[in-house]
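Participant: Under the UniProt record's numbering, the sequence shown has 151 at position 151, and the numbering climbs by one with no breaks. Beta carbons: idealized from backbone N, C-alpha and C, even for Gly. My questions all concern the structure below.
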Amino acid sequence: MNKQRFRRFDLYTTAYRTFYKLLVPVALKHMAITRPFLRLMADADAWQVYWKGHCIGRTGSWADLRAEAPVRLFSVGSGPSINQQDLGLIPGEQCVLVNGAISLVLDSTVSRPFAVMIEDSRFIYERADMLMQLPQGTRLCLVASAMQALGATCGAEGLAHFELFLIDGFETPYGKARRTVNDAPNESYRMSAKAKLSLNLAQGHFGCGTVMYCGIQLAFHLRVQQLYLVGFDLTDFDQPRFYENQHNAAWTGLQNAYQERILPALRLAVDIAQEFNMSIENCSHTSIIPRELIPFNARLMPPSWDGHYAGEEGSAER
1 MNKQRFRRFD
11 LYTTAYRTFY
21 KLLVPVALKH
31 MAITRPFLRL
41 MADADAWQVY
51 WKGHCIGRTG
61 SWADLRAEAP
71 VRLFSVGSGP
81 SINQQDLGLI
91 PGEQCVLVNG
101 AISLVLDSTV
111 SRPFAVMIED
121 SRFIYERADM
131 LMQLPQGTRL
141 CLVASAMQAL
151 GATCGAEGLA
161 HFELFLIDGF
171 ETPYGKARRT
181 VNDAPNESYR
191 MSAKAKLSLN
201 LAQGHFGCGT
211 VMYCGIQLAF
221 HLRVQQLYLV
231 GFDLTDFDQP
241 RFYENQHNAA
251 WTGLQNAYQE
261 RILPALRLAV
271 DIAQEFNMSI
281 ENCSHTSIIP
291 RELIPFNARL
301 MPPSWDGHYA
311 GEEGSAER
């Protein structure tokens, strides 16, 4: 299967962003990705959202969201392993859905997610039709570039359809110059030699090559006690996600990021989880994440499951 990497070109937007980068200081060039139509204005601990000069609403507060934290959270990705699992246990659980896992709402497996998190604008441009089928007022957590993409594809009505939350860049904060972690409060993050982890999404998040890390950082922000990862396979990179097929599967960069970025980030998360008395378990039976790093939990496996787990054959070294 030959997956094509998504590329979107709009002459006006490209020209605008090019000139913008020429006119602003280097430390502000990360702002170009939200231009030309999206503008956010700080409003206490949230943001007023403007699209083409018109205010369409206010984002939610990360501090207020913490007050609604569940004891346990299911972070659901789009790995093909989901197709072999019994998701009948998911209804009634608090779930954060990343990217195409929103299809679980559309087929009524999940009635209403705790939140939806999208880290890349590509998904918005390619799957806006899926996104707009979510219930009115769904919590939708977006990086600024994805918020710009939602406006570009669905207009002000699309932005107003959701309760928006800005997933800010920890080192590239919206409206401010780039910063290092040394400029942020020590209690808001943890870091190792190769990875960084946000403990407070009001300060921002860190990427590592998989959007599931957004769900993991949300769990730390909420201070949940139990985190279950679902559809977190990181294997069969040439296979469609569970909601795709051979004809519409999108390109993925997971294979390149796995060893250098994803594994160090997961090791850091597991280490810090002990500090917060949080358990992290992986419900994917085909995941290449080593079991000794994140234990496997078979709670979603059907009675017919034969006990096979891909990691037992050493596939974690792929």
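Assign residue 226 to one of three DSSP states: helix, strand, or coil.
Facilitator: strand
Participant: Taking buried to mean at least 16 other C-beta atoms within 10 Å of its own C-beta, is residue 18 buried or exposed?
Facilitator: Residue 18 is classed as exposed because its beta carbon has fewer than 16 other beta carbons within 10 Å across all chains shown.
Participant: Could you say which of 46, 224, 214 lies nearest to residue 275 if we only look at CA atoms?
Facilitator: 224
Participant: Let me know the beta strand (DSSP E) ranges lying completely inside the segment 5-82, each 3 residues or longer, listed in chain order.
Facilitator: 38-43, 46-51, 54-58, 72-76
Participant: Quick one: residues in its chain with C-beta nearer than 8 Å to the C-beta of residue 319, no 5 flanking neighbours on either side, listed in chain order?
Facilitator: Within the shown structure, residues of the chain are numbered from 1 to 318, placing residue 319 beyond reach of any answer.
Participant: I need the DSSP call for residue 214, collapsed to helix, strand or coil.
Facilitator: helix
Participant: Going by other Cβ atoms of all chains shown within 10 Å of its Cβ, with 16 needed for buried, is residue 52 buried or exposed?
Facilitator: exposed
Participant: Out of 141, 112, 81, 186, which has the shortest C-alpha to C-alpha gap to residue 91?
Facilitator: Taking the Cα of residue 91 as reference, the smallest distance to any Cα among 141, 112, 81, 186 is reached at 112.
Participant: Using the Cα positions of residue 195 and residue 164, report the straight-line distance between them to the nearest angstrom.
Facilitator: 27 Å
Participant: Do you know whose CA, among 150, 143, 162, lies nearest residue 170's CA?
Facilitator: 143
Participant: Between the beta-carbon of residue 219 and the beta-carbon of residue 62, is there less than 7 Å?
Facilitator: no
Participant: Residue 115 lies in the alpha helix (DSSP H); which residues open and close that run?
Facilitator: Per DSSP, residue 115 belongs to no alpha helix (DSSP H); it is in the beta strand (DSSP E), 115-118.
Participant: Report the start-end ranges of each beta strand (DSSP E) in the segment 143-186 that is 3 residues or longer and not cut off at the edges.
Facilitator: Listed in chain order, the complete beta strand (DSSP E) runs (minimum 3 residues) inside the segment 143-186 are 163-166.
Participant: Roughly how many angstroms separate the alpha carbons of residue 298 and residue 285, rounded to a whole number?
Facilitator: 7 Å
Participant: Do residue 130 and residue 96 have their beta-carbon atoms positioned less than 7 Å apart in this structure?
Facilitator: no
Participant: Determine the burial state of residue 189: buried for a count of at least 16 other Cβ atoms within 10 Å of its Cβ, exposed for fewer.
Facilitator: buried
Participant: Does the segment 178-188 come close enough to the segment 142-156 that 3 or more CB-CB pairs lie under 8 Å?
Facilitator: By the Cβ criterion, the segment 142-156 is not in contact with the segment 178-188, since fewer than three pairs of Cβ atoms, one from each stretch, lie closer than 8 Å.
Participant: For residue 133 and residue 231, I'd like the C-alpha separation in whole angstroms.
Facilitator: 21 Å
Participant: Drop a sphere of 10 angstroms on the beta-carbon of residue 306, count the other beta-carbons inside from all chains shown, and report buried for 16 or more, exposed for fewer.
Facilitator: Burial call: exposed.
Participant: Quick one: measure Cβ to Cβ for residue 326 and residue 215, integer angstroms, because I've assumed they're closer than 8 Å.
Facilitator: Residue coverage of the chain in this structure runs from 1 to 318, which leaves residue 326 outside it and unanswerable.
Participant: Which two residues bound the contiguous beta strand (DSSP E) that contains residue 190?
Facilitator: Counting along the chain, the unbroken beta strand (DSSP E) around residue 190 starts and ends at 189-191.
Participant: Kindly examine the ligand PLP and report whether one of its heavy atoms sits closer than 6 Å to the Cβ of residue 40.
Facilitator: Annotation note on the ligand PLP: not contained in the displayed structure, which lists no ligands.
Participant: Give the secondary structure of residue 199 by DSSP, where H, G and I count as helix, E and B as strand, and everything else as coil.
Facilitator: coil
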